[in-house]
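**Student:** To start, I am sharing the structure in question, which I have written as structure tokens.
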């Protein structure tokens with residue numbers, strides 16, 4: 001992703017011209033920039049330029065205690081703060097050997113899955129907006145996302161930057177009015193998904209725009225180190241919740257949706273189906289929510305023994321991994337975030353070259369990037 | 377689903393609002409009865425309905441002015457009054473139309489829409505226009521200044537001119553020329569020049585892409601539009617829009633029913649002509665920002681945006697006139713003023729346009745062009761052939777009664793259904809095309825890598 005590798009040709013001689021997409025553009029999903037060499041409507045070459053949202057998160061983390069770093073994870077993938085929280089807490093708990101109470105694990109599962117639904121609503125909604133359905137599906141999906149964010153607000157006071165998970169559990173037990181609202185939400189969600197599928201999945205124009213577009217083969221997806229719906233859309237059955245269960249995911253009965261063609265449509269449908277599966281998981285976790293404390297007390301300035309740990313969770317965009325190195329002090333010696341968006345995005349160039357501009361836009365939408373965690 | 381629930385939401389009025397609506401309708405009906413039976417005594421050709429009265433009034437004004445002022449002054453005063461009247465009407469349509477569009481779209485999108493400025497937010501368009509007028513108009517570096525300045529004004533011309541031959545009532549046609557259909561086709565193709573000028577002069581790649589798309593699309597879709605109107609002309613035997621409405625009134629049959637293929641072709645192609653969803657690729661926001669008017673700011677951008685809406689309303693009026701019976705409503709037009717009938721039909725078509733905008737994704741340029749050249753134009757040509765035969769039979773009958781017309785209507789509807797069912801393309805696509813329409817992901821609990829993925833794919 002070198003700066004300006006693509007050179008403009010002589011336009012008068014019919015050579016490619018440069019189109020600068022972003023950092024301010026409706027469909028770059030944040031401050032992400034593409035410098036595209038175009039031949040008419042066809043993309044000949046492309047530079048992907050990132051870094052407009054760089055906040056030096058990993059370096060800042062070395063100056064803060066493990067708990068103080070949790071709010072940073074909110075701002076990495078700001079559409080899936082719960083997953084970031086959870087990943088860091090799992091890594092820190094592994095590093096310090098902290099046990100998590102049963103109730104805390106179940107609550108973590110509920111909130112992580114709610115976050116997945118909220119994030120998929122956003123991801124699929126913006127994808128459809130990119131395909132030209134002017135915001136209507138997005139706003140329909142926001143209807144459900146809004147209910148989820150209300151639940152977050154009710155529990156931890158924030159809607160996006162939740163800062164909810166703690167090392168050793170979660171910050172708060174949900175209030176009493178939380179559970180009936182969650183109950184009715186979980187009851188409503190499957191019919192909402194049916195509504196979106198009916199509206200979009202059989203729409204001729206949507207099919208024409210997404211089928212056979214941005215095809216990632218299973219081999220390319222594995223070689224490109226893709227994770228999440230981007231990988232499963234290509235037909236590879238891989239999900240950390242099954243492969244390496246954390247927070248007691250092995251206790252819940254759910255399935256992994258897998259696409260077959262690896263195109264934009266498959267990634268869209270996989271996300272839709274994941275919302276259904278998440279609903280199943282939340283229902284089971286809610287029905288069997290154990291009583292007890294929601295948190296183990298750990299020292300405010302946790303000083304783990306020197307060592308290293310990697311904690312990873314299946315976030316909405318794929319594997320969210322935190323690599324921590326401890327040197328015995330209260331702050332991590334090294335803090336690294338494996339951001340799924342950055343790795344998923346790396347395939348865009350090979351997908352876009354040779355495609356037309358509208359296809360590239362839809363492909364980018366289907367990769368569901370969040371620039372906050374790309375630049376971090 | 378969205379369509380259904382969006383419509384449901386739209387009509388989901390509380391009892392109080394429903395009563396208010398009923399009262400308003402009753403009041404309007406009473407007012408119409410007063411106008412229809414007291415003021416003009418039920419005569420459709422009474423002077424109340426004669427738009428030429430506006431001309432008479434202006435002539436009267438000019439005669440009065442001539443007596444007291446030099447002729448040059450009276451000429452300019454009367455000219456300005458006339459131009460002001462037309463532009464005032466158009467402005468009112470645009471302001472009201474943009475409010476309607478935004479409110480409707482908001483309803484489709486489970487939002488509320490503008491509701492702060494004035495009653496029900498009705499003054500919002502005015503506030504927006506005032507705001508835009510205060511904005512600085514930037515001219516990009518390297519832009520062709522003259523060509524850059526002309527398009528926002530030039531784009532208005534076709535939209536104003538196209539209103540000319542629309543008959544609002546039996547005697548209420550501003551420009552009742554006997555080549556009305558040709559005039560409409562000619563005038564509507566003018567817009568492409570202004571849009572291409574805008575894209576070219578902006579010195580911006582997005583604008584140029586938008587302009588290229590516009591030209592390609594508008595020129596391609598001119599053909600199905602013209603062919604659709606040709607079948608209208610074949611059946612009615614006239615190019616005069618008022619005569620076309622009279623034909624529909626006399627035969628008690630809307631041409632949209634008699635010529636469904638032409639109707640749908642015209643409607644779909646016109647959405648491409650005026651850049652509406654699903655054919656709004658010339659200014660596809662998610663791809664090329666705002667297309668040909670990306671570089672325009674302030675009121676210049678406002679004019680582009682306003683005229684898109686104006687075009688949609690003109691399209692509504694033309695569709696209503698040519699295919700939905702115009703001002704006629706099966707005899708009811710003696711009770712309801714015909715211009716209100718036309719306005720209601722125009723509004724209905726406009727509603728459908730907004731509905732489509734609130735529901736459908738967008739085609740890709742190549743798909744749109746392929747659709748025009750591979751499907752729409754051959755179907756239109758075949759349709760013209762069928763209609764020509766039917767028109768020849770109708771001409772040979774002395775007074776085409778209900779039997780041949782109903783037979784042809786049923787035949788044409790069957791043909792339209794057959795076209796839609798068999799002749800239309802399947803959703804295109806690469807390797808994944810040909811799968812069932814509702815292809816759902818496979819569910820599995822067994823994990824794996826490449827081999828597992830191959831196994832899953834080969835599984836039935």
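Protein chains in written order, with this note's numbering: chain A, 1 to 376; chain B, 377 to 836. Note that beta-carbon positions come from the ideal geometry of N, C-alpha and C, so glycine has one too.
1) How would you write the range of the beta strand (DSSP E) that residue 319(A) sits in, first residue to last?
2) According to the neighbour-count rule (16 or more other Cβ atoms, all chains shown, within 10 Å of its Cβ), is residue 574(B) buried or exposed?
3) Do the region 646 to 654 of chain B and the region 730 to 750 of chain B meet, that is, are 3 or more Cβ pairs less than 8 Å apart?
4) Cβ of residue 252(A) within 8 Å of Cβ of residue 90(A)?
5) Per DSSP, which residues does residue 549(B) bridge with? Please list them.
6) Here's the rule I'm using: 16 or more other beta-carbon atoms within 10 Å means buried, otherwise exposed. How should residue 595(B) be labelled?
7) Would you check if the region 433 to 452 of chain B and the region 662 to 669 of chain B touch, i.e. whether three or more CB-CB distances between them fall below 8 Å?
8) Give a yes or no on contact between the region 220 to 235 of chain A and the region 336 to 349 of chain A, applying the rule of three or more CB pairs nearer than 8 Å.
9) According to a CB-to-CB cut-off of less than 9 Å, which residues of the region 463 to 481 of chain B neighbour chain A?
10) Rounded to the nearest angstrom, what separates residue 46(A) and residue 36(A) at their Cα positions?
11) To the nearest angstrom, how far is it from the Cα of residue 792(B) to the Cα of residue 602(B)?
12) Within the same chain, show all residues whose beta-carbon is closer than 7 Å to that of residue 563(B), passing over the 5 residues directly before and after it, in chain order.
13) Name, going along the chain, the residues of the region 193 to 210 of chain A whose beta-carbon falls closer than 9 Å to a beta-carbon of chain B.
14) For a cutoff of 8 Å on Cβ pairs, would you count residue 814(B) as touching chain A?
15) Under the assumption that residue 142(A) contacts residue 125(A) (Cβ atoms under 8 Å), give the Cβ distance between them as a whole number of angstroms.
16) Does DSSP put residue 17(A) in a helix, in a strand, or in coil?
17) Given a threshold of 16 other Cβ atoms within 10 Å of its Cβ, counted over all protein chains shown, does residue 54(A) qualify as buried or as exposed?
18) Of all the CB atoms in chain A, is at least one closer than 8 Å to the CB of residue 421(B)?
19) Which term fits residue 459(B), buried or exposed, when burial requires 16 or more other beta carbons within 10 angstroms of its beta carbon?
20) Let me make sure I understand the geometry here. Which of 193(A), 156(A), 243(A) has the alpha-carbon closest to that of residue 268(A)?
21) What span of residues does the beta strand (DSSP E) with residue 349(A) cover, start to end?
22) Where residue 424(B) and residue 544(B) are concerned, what is the direct C-alpha to C-alpha distance, given to the nearest angstrom?
23) Compile a chain-ordered list of the residues in the region 316 to 329 of chain A whose CB is closer than 8 Å to at least one CB of chain B.
24) The beta strand (DSSP E) spanning residue 44(A) covers which residue range?
25) Tell me the residue span of the alpha helix (DSSP H) that contains residue 172(A).
26) Beta carbon of residue 86(A), beta carbon of residue 313(A): below 8 Å?
27) If residue 600(B) sits next to residue 753(B), beta carbons under 8 Å apart, how far is it from one beta carbon to the other, in whole angstroms?
28) Any C-beta of chain A sitting closer than 8 Å to the C-beta of residue 818(B)?
29) Would you say residue 821(B) faces chain A, with C-beta separation under 8 Å as the test?
30) Using a beta-carbon distance below 8 Å, is residue 517(B) in contact with chain A?
31) Hey, is the region 279 to 286 of chain A in contact with the region 301 to 309 of chain A, meaning 3+ C-beta pairs nearer than 8 Å?
32) State the DSSP-derived secondary structure class of residue 435(A), mapped to helix, strand or coil.
33) Measure from the C-beta of residue 358(A) to each C-beta in chain B and report whether the shortest distance is under 8 Å.
34) Leaving aside the five residues before and after residue 173(A) along the sequence, list all residues of the same chain whose C-beta is less than 7 Å from its C-beta, in chain order.
35) Establish whether the CB of residue 653(B) and some CB of chain A are separated by less than 8 Å.
36) Any idea what DSSP makes of residue 187(A), helix, strand or coil?
**Tutor:** Quick answer:
1) Numbered from 1 along the first chain, position 319 holds the residue referred to as residue 319(A). Element bounds for residue 319(A): 318 to 326.
2) For the purposes of this step, residue 574(B) is taken as the residue at position 198 of the second chain. Buried, because 16 or more other Cβ atoms sit within 10 Å of the Cβ of residue 574(B).
3) yes
4) Here residue 252(A) refers to the residue found at position 252 when the first chain is read from its first residue. Here residue 90(A) refers to the residue found at position 90 when the first chain is read from its first residue. No, the pair does not count as a contact, with Cβ atoms beyond the cut-off.
5) The residue given as residue 549(B) occupies position 173 in the second chain. DSSP, once it has assigned bridges, lists 543(B) as partnering residue 549(B).
6) For the purposes of this step, residue 595(B) is taken as residue 219 along the second chain, with counting starting at 1. Exposed, because fewer than 16 other Cβ atoms sit within 10 Å of the Cβ of residue 595(B).
7) no
8) yes
9) 481
10) Within the first chain, the letter at position 46 stands for residue 46(A). Within the first chain, the letter at position 36 stands for residue 36(A). Spanning the two alpha carbons is a distance of roughly 4 Å.
11) Position 416 of the second chain holds residue 792(B). Position 226 of the second chain holds residue 602(B). One C-alpha to the other measures close to 18 Å.
12) Counting from one through the second chain, the residue named residue 563(B) turns up at place 187. These residues qualify, in order along the chain: 534, 537, 538.
13) 194, 195, 196, 197, 198, 199, 200, 201, 202, 203, 204, 205, 206, 207, 208, 209, 210
14) Taking the second chain and counting its residues from 1, the one referred to as residue 814(B) is at position 438. Low per-residue confidence applies at residue 814(B): pLDDT is 48, beneath 50, and the placement is therefore not dependable, though the value from the model is reported in the following sentence. True, the Cβ-Cβ gap to chain A drops below 8 Å.
15) Taking the first chain and counting its residues from 1, the one referred to as residue 142(A) is at position 142. Taking the first chain and counting its residues from 1, the one referred to as residue 125(A) is at position 125. With 8 Å as the limit, residue 142(A) and residue 125(A) qualify as a contact, their Cβ atoms being about 7 Å apart.
16) The residue labelled residue 17(A) in the question sits at position 17 within the first chain. Strand.
17) In the first chain, residue 54(A) corresponds to position 54, counting from 1. Label assigned to residue 54(A): exposed.
18) Locating residue 421(B) in the second chain gives position 45, where the first residue counts as 1. Residue placement at residue 421(B) is poorly supported in this model, since its pLDDT is 47, which falls under 50; the coordinates still yield a value, given next. Judged by the 8 Å Cβ criterion, residue 421(B) is not in contact with chain A.
19) Taking the second chain and counting its residues from 1, one reaches residue 459(B) at position 83. Flag for residue 459(B) reads exposed.
20) For the purposes of this step, residue 268(A) is identified with residue 268 of the first chain, where counting begins at 1. Nearest of 193(A), 156(A), 243(A) to residue 268(A), Cα basis: 193(A).
21) By 1-based counting over the first chain, the position of residue 349(A) is 349. Looking at the DSSP string, residue 349(A) is not in any beta strand (DSSP E); the run it does join, the alpha helix (DSSP H), is 348 to 352.
22) Translated into positions along the second chain, residue 424(B) becomes position 48. Translated into positions along the second chain, residue 544(B) becomes position 168. Its pLDDT being 44, under 50, residue 424(B) is placed unreliably by the model, and the measurement read from it follows with that caveat. One C-alpha to the other measures close to 13 Å.
23) none
24) On the first chain, position 44 is the one that residue 44(A) refers to. That run of the beta strand (DSSP E) goes 42 to 49.
25) By 1-based counting over the first chain, the position of residue 172(A) is 172. Looking at the DSSP string, residue 172(A) is not in any alpha helix (DSSP H), and its letter there is neither H nor E.
26) Here the question's residue 86(A) lines up with position 86 in the first chain. Here the question's residue 313(A) lines up with position 313 in the first chain. Yes, Cβ-Cβ distance for residue 86(A) and residue 313(A) is below 8 Å.
27) By one-based count along the second chain, residue 600(B) stands at place 224. By one-based count along the second chain, residue 753(B) stands at place 377. 6 Å between Cβ atoms; contact.
28) Taking the first residue of the second chain as 1, we reach residue 818(B) at position 442. Taking Cβ atoms only, chain A reaches closer than 8 Å to residue 818(B), which makes this a yes.
29) The residue labelled residue 821(B) in the question sits at position 445 within the second chain. Output row for residue 821(B): interface = yes.
30) Translated into positions along the second chain, residue 517(B) becomes position 141. It does not: the Cβ of residue 517(B) has no partner Cβ on chain A nearer than 8 Å.
31) no
32) There is no way to answer for residue 435(A), as the model of chain A reaches only from 1 to 376.
33) Taking the first chain and counting its residues from 1, one reaches residue 358(A) at position 358. True, the Cβ-Cβ gap to chain B drops below 8 Å.
34) For the purposes of this step, residue 173(A) is taken as the residue at position 173 of the first chain. So the qualifying residues of the chain are 294.
35) By one-based count along the second chain, residue 653(B) stands at place 277. Output row for residue 653(B): interface = yes.
36) Here residue 187(A) is taken as the residue at index 187 of the first chain, counted from 1. Helix, per DSSP.
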